[in-house]
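Protein chains: 2
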Amino acid sequence: MWYKSNGKDGDIVISSRIRLARNLKEFRFCGKMTADEANAIIEKTKNALDGRKFKFINLSNMDKTDKLLMLEQHLISRELAESRLPSGVFTDKDNEISVMVNEEDHIRMQCITGGYDLDGAYEKLNALDTSLEEKLDFAFDENYGYLTKCPTNTGTGMRASVMLHLPGLAITGNINNVIAAVNKLGIAVRGLYGEGSKSAACIYQVSNQVTLGITEEETLENLKNVVDMLIEKERQVTKALYDNNPLQFKDKVGRAYATLAGAYIMTNDEFMKLIPYVRMGVNMGIIDGVDSAAINSLIIELSPAHVSKLMGASNAAQRDEKRASKLREVLGKEEK
Amino acid sequence: MWYKSNGKDGDIVISSRIRLARNLKEFRFCGKMTADEANAIIEKTKNALDGRKFKFINLSNMDKTDKLLMLEQHLISRELAESRLPSGVFTDKDNEISVMVNEEDHIRMQCITGGYDLDGAYEKLNALDTSLEEKLDFAFDENYGYLTKCPTNTGTGMRASVMLHLPGLAITGNINNVIAAVNKLGIAVRGLYGEGSKSAACIYQVSNQVTLGITEEETLENLKNVVDMLIEKERQVTKALYDNNPLQFKDKVGRAYATLAGAYIMTNDEFMKLIPYVRMGVNMGIIDGVDSAAINSLIIELSPAHVSKLMGASNAAQRDEKRASKLREVLGKEEK
Chain A
1 MWYKSNGKDG DIVISSRIRL ARNLKEFRFC GKMTADEANA IIEKTKNALD
51 GRKFKFINLS NMDKTDKLLM LEQHLISREL AESRLPSGVF TDKDNEISVM
101 VNEEDHIRMQ CITGGYDLDG AYEKLNALDT SLEEKLDFAF DENYGYLTKC
151 PTNTGTGMRA SVMLHLPGLA ITGNINNVIA AVNKLGIAVR GLYGEGSKSA
201 ACIYQVSNQV TLGITEEETL ENLKNVVDML IEKERQVTKA LYDNNPLQFK
251 DKVGRAYATL AGAYIMTNDE FMKLIPYVRM GVNMGIIDGV DSAAINSLII
301 ELSPAHVSKL MGASNAAQRD EKRASKLREV LGKEEK
Chain B
1001 MWYKSNGKDG DIVISSRIRL ARNLKEFRFC GKMTADEANA IIEKTKNALD
1051 GRKFKFINLS NMDKTDKLLM LEQHLISREL AESRLPSGVF TDKDNEISVM
1101 VNEEDHIRMQ CITGGYDLDG AYEKLNALDT SLEEKLDFAF DENYGYLTKC
1151 PTNTGTGMRA SVMLHLPGLA ITGNINNVIA AVNKLGIAVR GLYGEGSKSA
1201 ACIYQVSNQV TLGITEEETL ENLKNVVDML IEKERQVTKA LYDNNPLQFK
1251 DKVGRAYATL AGAYIMTNDE FMKLIPYVRM GVNMGIIDGV DSAAINSLII
1301 ELSPAHVSKL MGASNAAQRD EKRASKLREV LGKEEK
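These protein sequence lines are chains A and B, in that order.
When you line the first sequence up against our numbering, it's residues 1 to 336, in that order.
When you line the second sequence up against our numbering, it's residues 1001 to 1336, in that order.
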């Protein structure tokens, strides 16, 4: 799983993701088509992917918790989870590449990697795109580029995004100015689960807004410039926060870590509030024995659907107990 | 030191103490006498103690912090610390027995032991009293017994007291009913530093109120009956608190312990608020690796004057830092 290893700049960058939106020329866009057409698109995509090791997950007869689980792993979008048409997702064995069928567009393929590696993710996804294009007839216009249901994706059809943990900027309140400045550069900043979601645990998704009249390479360069700046600013702000009052900083970090490692009941809200301090503590060398990848894993694996499904909790009280138990195990070094 | 070892019923009883008030017949009571008389009493007491290994500590030229230090160790009373007459205290090498001179009475001798051992403390102090009586002429009346400055001590001149940690009774609010019931039996319940002090950290001093028309043995029996009952009630209440909601109980204990072990800034108030949960956690087997004696030591050694003097902290902020540092060392098993 992408979130289980520490990538480049893993102290701040949780993951890098490229998504390409494609539509099949011979079908109407998703909003207009019938269930039969939707099934035909799934079939065509499956055939085009043949030879590659993809597993198909049919979302039409999947229960809500399982869908949430995939959402929390960023394998599917909220839109796909809520789709009423026959739809599904093809995933490779590491869940690094996934191909959603019948979300907003006929095909939305994505590659997600741990840490800061937009180029690596683009390279892998581009190879898949090229191979699919040999077998499928994508809707493409000489002037506009790839055609998409929503005009905001027309052109490259690409969204490149980086998931950043920015506790320093969030806690000091600097994040709002930073978001405003970044927006002016054509870069969007969203919460943990993409468009319309709120930021939780000081996690932000930073992505390109423009897809028309720009190449994929330019898009990546623009985004990387902004992400480089955000990484730099986050490190500066965290260091300044520490330097301003090292004891108080260590006290907040120490208490957050101790509470997470020592509690027997832990709500998702409290977890999301405390974990950013642990990240800062790890980055500033105050906390040993836990690395950034472990924190990333906790953020994913302690999300409500994960706790419900993987730890067998059927209500909020049980989830809070299981979440605390997992935290004591991982952070408190408690015997299993 | 009495508080460094685990005595009988050490899960609840911190210490047992006997105090005897005596006055020298040929001198006026403390309120009326001159500095010369006060010095003469010190001299006479010193001669009477000769042959026993006592160290004399002159309080007249001792600074305030050192006095507070002895107060926090229960070696002297607040009244002696504030005395304007020449005064002092003789202590044996373990600080088990101390003889205050020119407190409210000319001589106030006490024996303090760890755990629940009123008989042992009485035996040792009675031996000292007998030996002093051979050399000093105590004010004694055939009808009233030993004469004291305040009539409430006349008779045996004895106060037997037990210091109890009663977090279960305190947290559930049952303590108020218990105190009211116990008062009717002629037993007083006071805070950590004796008369007029507030209860801190759920610690209570339970002692006899009556000294007139009663023997020392009867006094001890009465007190022991009450203490036995309090120990029993505290264990019951703590167990009921746990049984009512084990997870919530463990959560409170786990968070209190984790916060004490993980913070970098710890005020005395917060420490006093959290440590009772740790005691309950140790007693209920939720916390390993810390015993009751270690908690008793922390309660004494993290008192403000102790932290100031022994850890070299000169203001409240430094004390809060040193206190947290000591807690991380003892509870967090942090490297020194």
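Glycine included, every Cβ here is placed at the ideal spot set by N, Cα and C.
All values derive from a computational prediction rather than experimental measurement.
query                                                                                                                                                                                                                         : result
List, in order along the chain, the chain A residues whose C-beta lies closer than 9 Å to that of B:Q1248?                                                                                                                    : Y264, I265
Measuring straight from C-alpha to C-alpha, what distance separates A:R319 and A:I14?                                                                                                                                         : 24 Å
Please list, in chain order, all residues of the same chain as A:L20 whose beta carbon is under 7 Å from its beta carbon, the five residues on each side excluded.                                                            : M109, L125, D129, G157, M158
Could you tell me the alpha carbon to alpha carbon distance between A:K55 and A:T91, rounded to whole angstroms?                                                                                                              : 5 Å
On a CA-only basis, which of A:G289, A:V278, A:G168, A:L136 is nearest A:I231? Give me that one, please.                                                                                                                      : A:G168
Leaving out five residues before and five after B:E1037 in sequence, what residues of the same chain have Cβ atoms less than 8 Å from its Cβ?                                                                                 : F1027, R1028
Can you confirm whether B:R1319, when its beta carbon is compared against all beta carbons of chain A, has any partner nearer than 8 Å?                                                                                       : no
Would you kindly work out how many angstroms separate the C-alpha atoms of B:A1316 and B:F1271, rounded to a whole number?                                                                                                    : 14 Å
Cβ closer than 7 Å: which chain B residues qualify as neighbours of A:D251?                                                                                                                                                   : A1263, Y1264, I1265
Who are the Cβ neighbours of A:K309 in its own chain at under 6 Å, not counting the five residues just before and after it?                                                                                                   : T65, L69
Going straight from the alpha carbon of A:T238 to that of A:D94, what length do you get?                                                                                                                                      : 33 Å
Skipping 5 residues on each side, what residues in its chain have a beta carbon closer than 8 Å to that of A:T154?                                                                                                            : Y144, G145, Y146, L147, T148, T211, L212
Once DSSP output is grouped into helix, strand and coil, what is the label at A:H106?                                                                                                                                         : coil
Output the distance between the C-alpha atoms of B:K1336 and B:A1181, rounded to the nearest integer angstrom.                                                                                                                : Only weak support is given to the placement of B:K1336: the predicted model assigns it a pLDDT of 38, under 50, and the question is left unresolved by the model.
If you run the structure through DSSP and keep just helix, strand and coil, what is B:K1055?                                                                                                                                  : strand
Does the beta-carbon distance from A:A25 to A:A139 come in below 8 Å?                                                                                                                                                         : Checking the displayed sequence, the identity of residue 25 of chain A turns out to be Lys instead of Ala. Yes, these two residues count as a Cβ contact at 8 Å.
Report all residues from its chain with a CB closer than 6 Å to the CB of A:T267; omit the five preceding and five following residues, and keep chain order.                                                                  : D320
Against chain A, does B:R1255 count as a neighbour if the rule is that its beta carbon must be under 8 Å from one of theirs?                                                                                                  : yes
Which partner residues does B:A1188 have in the DSSP bridge list?                                                                                                                                                             : B:S1207
Which two residues bound the contiguous beta strand (DSSP E) that contains B:L1020?                                                                                                                                           : 1013-1022
Leaving out five residues on either side along the sequence, give the residues of the same chain with a beta carbon under 7 Å from the beta carbon of B:I1295.                                                                : I1275, V1278, R1279, V1282
For the beta strand (DSSP E) holding B:A1160, just list the boundary residues, first then last.                                                                                                                               : 1158-1165
Would A:I42 pass as a contact of A:V101 if the rule is Cβ separation under 8 Å?                                                                                                                                               : yes
Using Cβ-Cβ distances below 8 Å, what residues of the stretch 1220-1241 of chain B are close to chain A?                                                                                                                      : none
Using 8 Å as the cut-off, can you tell me whether the stretch 113-121 of chain A makes contact with the stretch 76-87 of chain A, which would need three or more C-beta pairs spanning the two stretches below that distance? : no
In three-state terms, what does DSSP make of B:G1254?                                                                                                                                                                         : helix
Considering only residues of the same chain and omitting the five flanking positions on each side of B:G1010, which have a CB-CB separation below 6 Å?                                                                        : G1115, S1292
Could you tell me whether any Cβ in chain B is nearer than 8 Å to the Cβ of A:A294?                                                                                                                                           : no
For B:T1259, decide whether its Cβ has a neighbour in chain A, counting only Cβ atoms nearer than 8 Å.                                                                                                                        : yes
Do B:S1303 and B:E1072 come within 8 Å of each other at the CB atom, strictly closer than that value?                                                                                                                         : yes
Bridge partners of B:F1029, per DSSP?                                                                                                                                                                                         : None, per the DSSP bridge assignment.
Could you name the residues of the same chain whose beta carbon sits closer than 6 Å to that of B:A1263, not counting the 5 residues immediately before and after it, in chain order?                                         : A1324
Report, in whole angstroms, the separation of the C-beta atoms of A:R328 and A:A261, which I expect to be a contact under 8 Å.                                                                                                : 6 Å
At the 8 Å Cβ level, is A:I12 part of the contact set with chain B, yes or no?                                                                                                                                                : no
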